[in-house]
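Scroll down for the structure; my scribbles are underneath it.
4 protein chains.
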Amino acid sequence: MSHQKLKVAIVGASGFTGSELARLLLNHPDVSISIITSESHVGKPFSDLHPQFFNRLDIPLESADQVSKMDLDVIFLALPHGVSMDFVAKWKDLGAKIIDLSGDFRLSSKDVYEEWYQKKHSYPIGFSEAVYGLPELFAKKIADARLVANPGCYPTASILSLAPLYAKQLVEEGSVIIDAKSGLTGAGVKANPTTHFSNVNENFKAYGIAGHRHTIEIEEQLGGIAGSNTTVQFTPHLLPVDRGILVTSYAKLKTEMNQEKLTEIYAEYYQDKPFVRLRNQAPGIKDVRGSHFCDVFPTWDERTQKVISISVIDNLLKGAASQAVHNMNLMFDLPEATGLNHIPLKP
Amino acid sequence: MSHQKLKVAIVGASGFTGSELARLLLNHPDVSISIITSESHVGKPFSDLHPQFFNRLDIPLESADQVSKMDLDVIFLALPHGVSMDFVAKWKDLGAKIIDLSGDFRLSSKDVYEEWYQKKHSYPIGFSEAVYGLPELFAKKIADARLVANPGCYPTASILSLAPLYAKQLVEEGSVIIDAKSGLTGAGVKANPTTHFSNVNENFKAYGIAGHRHTIEIEEQLGGIAGSNTTVQFTPHLLPVDRGILVTSYAKLKTEMNQEKLTEIYAEYYQDKPFVRLRNQAPGIKDVRGSHFCDVFPTWDERTQKVISISVIDNLLKGAASQAVHNMNLMFDLPEATGLNHIPLKP
Amino acid sequence: MSHQKLKVAIVGASGFTGSELARLLLNHPDVSISIITSESHVGKPFSDLHPQFFNRLDIPLESADQVSKMDLDVIFLALPHGVSMDFVAKWKDLGAKIIDLSGDFRLSSKDVYEEWYQKKHSYPIGFSEAVYGLPELFAKKIADARLVANPGCYPTASILSLAPLYAKQLVEEGSVIIDAKSGLTGAGVKANPTTHFSNVNENFKAYGIAGHRHTIEIEEQLGGIAGSNTTVQFTPHLLPVDRGILVTSYAKLKTEMNQEKLTEIYAEYYQDKPFVRLRNQAPGIKDVRGSHFCDVFPTWDERTQKVISISVIDNLLKGAASQAVHNMNLMFDLPEATGLNHIPLKP
Amino acid sequence: MSHQKLKVAIVGASGFTGSELARLLLNHPDVSISIITSESHVGKPFSDLHPQFFNRLDIPLESADQVSKMDLDVIFLALPHGVSMDFVAKWKDLGAKIIDLSGDFRLSSKDVYEEWYQKKHSYPIGFSEAVYGLPELFAKKIADARLVANPGCYPTASILSLAPLYAKQLVEEGSVIIDAKSGLTGAGVKANPTTHFSNVNENFKAYGIAGHRHTIEIEEQLGGIAGSNTTVQFTPHLLPVDRGILVTSYAKLKTEMNQEKLTEIYAEYYQDKPFVRLRNQAPGIKDVRGSHFCDVFPTWDERTQKVISISVIDNLLKGAASQAVHNMNLMFDLPEATGLNHIPLKP
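Protein chains in written order, with the UniProt record's numbering: chain A, 1 to 347; chain B, 1 to 347; chain C, 1 to 347; chain D, 1 to 347.
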């Protein structure tokens with residue numbers, strides 16, 4: 001690590017991932033925030049949008065146009081799907097590495113993207129360059145990447161709940177059910193009936209049944225690990241909490257299994273992954289809130305002969321902002337845990 | 001219906017089902033509450049335990065010993081598992097009909113009970129007499145019953161999510177996953193770490209993985225409907241809300257299916273069931289809160305060739321107290337909806 | 001009471017008070033809902049906007065233009081401030097009585113209104129006709145009214161917390177502080193940053209400091225009771241709950257006081273008011289949720305020589321919809337509690 | 001600051017302040033946690049009690065008896081009131097400095113303590129030695145202290161909301177009302193009806209009306225600042241959130257005032273206090289959650305001629321654990337912000 005701090009841009013300041021990136025990067029010892037952009041709030045102090053930063057990060061927001069005029073090491077794109085791709089195309093020769101937190105480069109190809117996102121892709125060449133930024137699986141490729149597609153929140157939790165089984169090709173195809181539950185911040189900062197307090201509080205419901213976009217992202221990654229195509233049933237639900245994803249994954253296996261063997265498979269797979277914690281009891285989302293941890297808890301049900309694997313993350317951190325910082329650490333050869341050692345905030 | 005009101009006893013006043021029974025019965029036009037018992041609060045006004053009843057139901061709590069001295073039509077047992085059975089045994093010749101809200105007589109036999117509840121059963125003869133009180137399935141048998149075993153909350157939602165498929169013997173054995181989520185009142189009124197606000201609020205977790213007692217209750221009833229044994233994977237989770245259960249059930253079928261046919265199967269099965277609402281969009285738990293409704297929403301996923309069937313209930317009502325009142329209405333030949341026409345309280 | 005049911009219109013269906021009115025009126029034994037209007041949803045079933053009514057109230061929404069063509073006994077205006085006044089003007093000769101749930105006719109005059117609402121008033125003559133619809137204070141005048149201004153939610157709780165002291169002219173002028181806390185439904189159904197889940201959940205803040213419109217409504221009514229002008233300090237806060245207002249009122253008195261005397265003053269004032277409950281311990285908002293009760297708890301602090309009077313209501317019911325129904329009962333000479341006997345929904 | 005880390009003990013590990021102390025001290029660059037004690041959990045890993053620490057702080061809990069055998073620089077007492085005093089007495093000659101988070105040494109004398117806590121004090125000599133640990137007021141005395149009485153959560157927020165006015169002797173005696181609202185963690189980790197989820201969630205109520213112990217702590221400190229006795233009306237309420245205190249303080253002044261002058265008085269008083277943020281809009285508790293900030297917002301109401309001053313803190317941090325760490329920094333001549341630069345966790 002040089003004494004020169006990394007100069008970073010955060011593009012897209014109004015959302016939750018933008019403010020979480022700022023929070024993490026502000027206290028990161030090797031980073032200096034050069035610019036934060038927001039087209040609709042140019043000139044306003046960042047802390048006007050996010051009052052928790054009052055007195056700590058009051059720099060004025062700028063237009064994204066300014067980014068190309070600056071000397072930057074890394075650009076974080078905290079933009080909606082369908083918007084990121086244009087900036088990636090525009091800034092591909094700037095010299096700065098790009099970490100894209102949208103879904104624009106997470107899938108394998110233009111065709112798959114356009115089918116699942118129902119949107120034209122404007123920079124298909126990016127698919128070949130982009131590396132899927134899940135450090136537990138692709139640390140080496142990430143280290144060499146110039147463009148990282150930061151994973152979706154549900155895919156992060158879902159993939160980590162099942163990866164050890166797919167890696168050993170143990171999963172019976174067609175048997176996987178991923179029943180996922182997310183806090184409301186996953187629905188974004190925009191005010192609409194979905195995010196209205198009275199529709200969320202004391203409520204719980206499923207959405208995107210049989211068609212959520214994260215399905216294909218999970219299938220491509222799990223299939224890639226196993227070396228063969230896979231189809232999963234993925235159902236997301238909306239929890240009346242701010243943060244957290246809990247995924248309950250079910251699978252039949254091709255071979256015999258018992259609890260001890262199952263635990264061993266997971267322990268081995270995650271042995272050098274400092275942010276995956278193999279738990280000895282069912283984890284709650286609050287056990288990881290405010291942290292970069294993914295807690296995993298696999299159970300073998302002898303009676304039904306199935307695996308039930310539960311994983312939890314903070315959707316804004318391991319599911320977005322801290323994962324992006326983890327990727328940055330890898331891309332710039334910093335110790336991977338730098339700036340990420342938050343103990344979960346509980347209660 | 002005679003002009004004579006039914007004289008009822010509520011045995012066990014301190015819990016949530018006790019107070020919900022009181023709330024429903026107090027406004028039921030054909031009922032007069034004769035006695036409410038609580039061994040630990042004898043002499044105290046009922047409203048001391050449940051201040052929402054202040055000025056409306058201040059009668060002093062009595063000992064259960066008083067019940068046998070009274071002229072009663074029906075006794076509601078709102079007692080813990082393992083306690084109810086003794087009262088059923090003791091009061092079997094009183095003349096009053098008994099509706100037991102505990103799990104003591106829900107299963108098929110002493111042996112099954114003792115395996116899953118890890119407890120000696122003191123009145124095994126009750127199993128042959130007890131009728132499983134799910135009105136949508138057993139209205140006629142309930143009408144003739146002297147002892148009704150009021151169903152568990154999870155089983156009510158789970159069974160109603162899948163019954164139409166089991167009734168037509170469409171379900172592929174071994175394929176059923178029931179991923180269930182319940183509000184905290186399901187954990188009871190007792191103060192312990194599980195019910196401490198800070199462990200529930202902003203949290204979400206699974207419990208009873210691979211071994212919850214309600215599993216066997218669901219399996220026995222669904223198997224009974226189909227006429228053959230069935231095994232299901234049942235996983236409950238704890239929601240940070242007061243009330244509500246949402247069940248997401250998954251099944252493979254033995255035959256071809258499409259959405260239209262699936263909807264038709266459900267519509268037909270529930271056509272004369274006033275409290276099951278076949279919804280045209282994914283229901284939330286708040287859509288039924290404070291009411292006796294069970295909302296059901298079945299989806300056929302053409303891509304995965306699976307059924308995803310979602311159902312929601314208020315766990316304290318359709319999952320306990322209002323179900324008990326529904327059973328009472330059937331047992332005494334009252335119109336089945338009497339006293340149960342609450343519109344859900346939303347927001 | 002005649003056997004002819006009252007024919008009612010609900011004008012403004014999309015908000016919370018509209019749906020709560022529908023819920024109460026649907027189960028009111030002497031009412032038939034003739035029409036529900038919503039300009040932006042004409043033709044849609046009411047239950048599309050409020051799915052809790054699915055299968056129970058699916059009638060299509062109509063335009064307010066239809067109201068004048070119908071034979072109606074009473075019109076409920078569940079409209080925003082500034083909109084109601086035009087309909088009151090337009091329908092003044094229809095023959096139907098009008099209960100306006102907005103703030104348009106709650107104050108004493110056009111001038112006061114225009115100062116506090118910063119809006120031109122289009123029908124100032126209405127001020128002289130309108131009766132302030134707080135049944136505990138003005139039951140007789142309400143019975144004779146053709147136009148009732150249904151009180152604000154904060155004023156209802158605030159006035160009832162202090163009325164007995166003002167009625168006896170005991171309050172030292174300038175000493176009254178009303179620190180009020182309301183659930184989020186008070187902020188309305190509209191999606192905006194204020195009602196976004198993430199801004200409300202786990203949060204709490206004051207708003208409208210030193211200038212909230214309800215201040216003058218409280219001052220005019222309390223002053224009216226005492227027969228002299230009064231100024232109060234009123235500060236509202238936003239609670240992370242759906243329903244409920246709790247008001248903590250502080251006052252110095254002109255005379256000596258003790259707890260016994262204070263309790264007696266309140267008991268006497270509210271002795272024939274069935275929906276005000278003088279509690280013997282500090283009430284919580286959940287003790288009245290879903291009901292028409294206002295629970296009041298006055299304390300004399302001997303050490304500081306001040307009164308602390310706490311009151312709680314359900315802001316959508318006693319603070320809006322059930323108060324309107326109570327007023328309707330009085331206006332049509334029905335027993336005042338008709339259709340209002342809900343026990344609070346707790347937990 | 002030497003390179004030698006401070007060796008610290010946390011006495012009392014099971015509560016929320018114990019775990020928050022551990023979280024802060026674990027990431028404090030100049031601290032090494034030598035021992036954590038819990039009499040009821042000796043031998044268990046700390047992370048068994050607080051699973052958020054899994055893999056990060058798994059050291060076994062020890063008995064407090066071990067403390068006196070160790071070489072320690074500072075001992076944090078995270079114990080209940082009435083228990084701390086015995087340990088302070090016992091360990092007074094150990095050489096380690098003591099920071100007591102209980103209420104045992106916050107007041108001026110044995111007599112005052114015994115009147116308000118209704119408990120015998122076993123170590124009255126401690127009152128003369130103890131320094132009240134509010135860094136904004138007493139930084140210099142804290143730096144020299146051997147025993148610090150860490151302030152109560154309500155007093156911290158209350159005192160900081162009014163200190164600038166008392167310091168200038170502007171407050172009209174007898175006029176101060178402090179209406180305070182706290183998250184549930186203020187009620188402690190113990191499971192009882194008060195902390196049961198169903199009594200807190202969607203609820204809100206006052207408690208300790210006219211007699212809460214923090215009243216005298218506030219009065220003694222504010223009186224001390226002004227140099228004369230003061231009496232305040234203090235009413236705490238319980239919020240359905242985990243963390244956060246918001247205090248709404250009201251005062252009449254002896255002199256003329258306007259908004260500009262008021263803001264200036266506060267700005268001047270807090271100019272060198274890095275953790276008090278004088279806000280330009282009403283703060284919410286979430287603006288400071290997870291941080292050491294106290295946000296203050298004073299308003300002059302020209303109409304009523306009163307000050308309304310709002311302050312917010314995280315009750316577990318600025319109201320307990322981070323305040324204790326701040327005190328430690330001062331006592332050991334570390335830069336006062338060391339280990340305390342957390343940006344609030346929002347949303």
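Backbone N, C-alpha and C define an ideal beta-carbon position, used for all residues, glycine too.
Quick caveat, the model's predicted, so the values are computed rather than measured.
Anticipated Cβ contact below 8 Å, V241 of chain C with F76 of chain D, distance rounded: In fact, because the Cβ distance is near 35 Å, the residues do not count as touching under 8 Å.
Check whether A89 of chain B and Y123 of chain B have beta carbons under 7 Å apart: A89 of chain B is a Cβ neighbour of Y123 of chain B, given a cutoff of 7 Å.
P164 of chain B, buried or exposed, once every other Cβ within 10 Å from all chains shown has been counted against 16: So P164 of chain B ends up on the buried side.
is_contact[D242 of chain B, chain D] using C-beta, thresh 7 Å: So, interface residue.
Distance between F16 of chain C and G319 of chain C (C-alpha atoms, nearest Å): Taking the straight line joining both Cα atoms gives about 12 Å.
For F87 of chain B and V8 of chain B, believed in contact at Cβ under 8 Å, the rounded distance: About 15 Å separates the CB atoms of V8 of chain B and F87 of chain B; that is not less than 8 Å, and the two are not in contact.
Beta-carbon proximity of L170 of chain C to K252 of chain C, cut-off 7 Å: Annotated as distal: L170 of chain C and K252 of chain C, with beta-carbon spacing of 7 Å or more.
Chain B contacts made by the region 44 to 70 of chain C, where a contact means CB separation under 9 Å: Considering only beta carbons, the part of the region 44 to 70 of chain C lying closer than 9 Å to chain B consists of H50, P51, Q52, F53, F54, N55, R56, L57, in chain order.
Range of the contiguous beta strand (DSSP E) that encloses S84 of chain C: Looking at the DSSP string, S84 of chain C is not in any beta strand (DSSP E); the run it does join, the alpha helix (DSSP H), is 84 to 90.
DSSP beta-bridge partners of F54 of chain D: Paired residue(s): none; F54 of chain D is not in a bridge.
Those residues which DSSP pairs with C294 of chain B across a bridge: C294 of chain B is bridged to B:V276.
Assigned exposure category for E220 of chain C - 16 Cβ within 10 Å defines buried: With 16 or more Cβ atoms within 10 Å of its Cβ, E220 of chain C is classed as buried.
As assigned by DSSP and simplified to three states, the class of residue 415 of chain D: A question about residue 415 of chain D goes unanswered here, because the residues of chain D that appear run from 1 up to 347.
Coarse secondary structure for H81 of chain C, derived from DSSP in three states: If DSSP states are grouped into helix, strand and coil, H81 of chain C belongs with coil.
Burial state of M1 of chain C (16 or more Cβ within 10 Å): Any answer about M1 of chain C is weak, because its pLDDT of 46 lies below 50 and its placement is not dependable; what the coordinates show is given next. With fewer than 16 other Cβ atoms within 10 Å, it is exposed.
A337 of chain D burial status per 10 Å Cβ neighbour count (16 or more: buried): By the 10 Å Cβ count, A337 of chain D comes out exposed.
Distance between beta carbons of V31 of chain B and S63 of chain B, contact taken as under 8 Å: Contact annotation, S63 of chain B with V31 of chain B: C-beta distance approximately 22 Å; criterion of less than 8 Å not satisfied.
Span of the alpha helix (DSSP H) around K110 of chain A: Following the DSSP letters along the chain, one finds K110 of chain A inside the alpha helix (DSSP H) bounded by residues 110 to 117.
Segments assigned alpha helix (DSSP H), at least 4 residues, entirely inside the region 125 to 211 of chain C: 126 to 129, 135 to 144, 153 to 167, 197 to 200, all fully within the region 125 to 211 of chain C.
Beta-carbon spacing of L246 of chain C, K181 of chain C below 7 Å: Yes, the pair counts as a contact, with Cβ atoms nearer than the cut-off.
Where residue 379 of chain C sits in the DSSP three-state scheme: Chain C is shown from 1 up to 347; residue 379 of chain C falls before or after that span and cannot be answered.
Residue from B:R279, B:P344, B:D93, B:N280 whose Cα sits closest to the Cα of G244 of chain B: With respect to the C-alpha of G244 of chain B, the residue from B:R279, B:P344, B:D93, B:N280 having the closest C-alpha is B:P344.
Distance between E20 of chain A and L334 of chain A (C-alpha atoms, nearest Å): Rounded to whole angstroms, L334 of chain A and E20 of chain A show a C-alpha spacing of 20 Å.
is_contact[G339 of chain A, chain F] using C-beta, thresh 7 Å: Of the protein chains in the structure, A, B, C and D, none is chain F.
Cβ shell of P347 of chain B (< 6 Å), same chain only, five flanking positions each side left out: Within the same chain, and ignoring the five residues on either side of P347 of chain B in sequence, no residue has its Cβ closer than 6 Å to its Cβ.
Sheet register partners of H214 of chain A (DSSP bridge): Looking at the DSSP output, H214 of chain A bridges to nothing.
Rounded separation between D58 of chain A and P45 of chain A - CA only: The straight-line gap from Cα to Cα measures roughly 5 Å.
Extent of the continuous alpha helix (DSSP H) run through L49 of chain D: Judged by DSSP secondary structure, L49 of chain D falls within the alpha helix (DSSP H) whose first and last residues are 46 to 49.
Local Cβ density within 10 Å of G211 of chain B, reported as buried at 16 or more and exposed below that: Counting Cβ neighbours within 10 Å, G211 of chain B comes out exposed, since fewer than 16 surround it.
Segment contact flag, the region 303 to 313 of chain C with the region 130 to 150 of chain C, C-beta cutoff 8 Å, min 3 pairs: Counting Cβ pairs under 8 Å, fewer than three are found: no touch.
Assigned secondary structure, G72 of chain A (DSSP; H/G/I helix, E/B strand, else coil): Going by the sequence as given, residue 72 of chain A is Leu instead of Gly. In the three-state reduction of the DSSP assignment, L72 of chain A falls in the coil class, being assigned neither a helical nor a strand state.
Any chain A beta carbon closer than 7 Å to F87 of chain B: Look at F87 of chain B: its C-beta is not under 7 Å from any C-beta on chain A.
For S14 of chain D, the nearest candidate out of D:T231, D:F127, D:K190, D:T230 (CA to CA): Selected option, being the one with the closest Cα: D:K190.
DSSP three-state assignment for Y266 of chain C, whether helix, strand or coil: Under the three-state reduction of DSSP, Y266 of chain C is assigned to helix.
Exposed unless 16 or more other CB atoms sit within 10 angstroms - verdict on A96 of chain A: It counts as buried.
Boundaries (first-last residue) of the beta strand (DSSP E) holding H237 of chain B: Taken as a continuous stretch (DSSP letters only), the beta strand (DSSP E) holding H237 of chain B covers 233 to 238.
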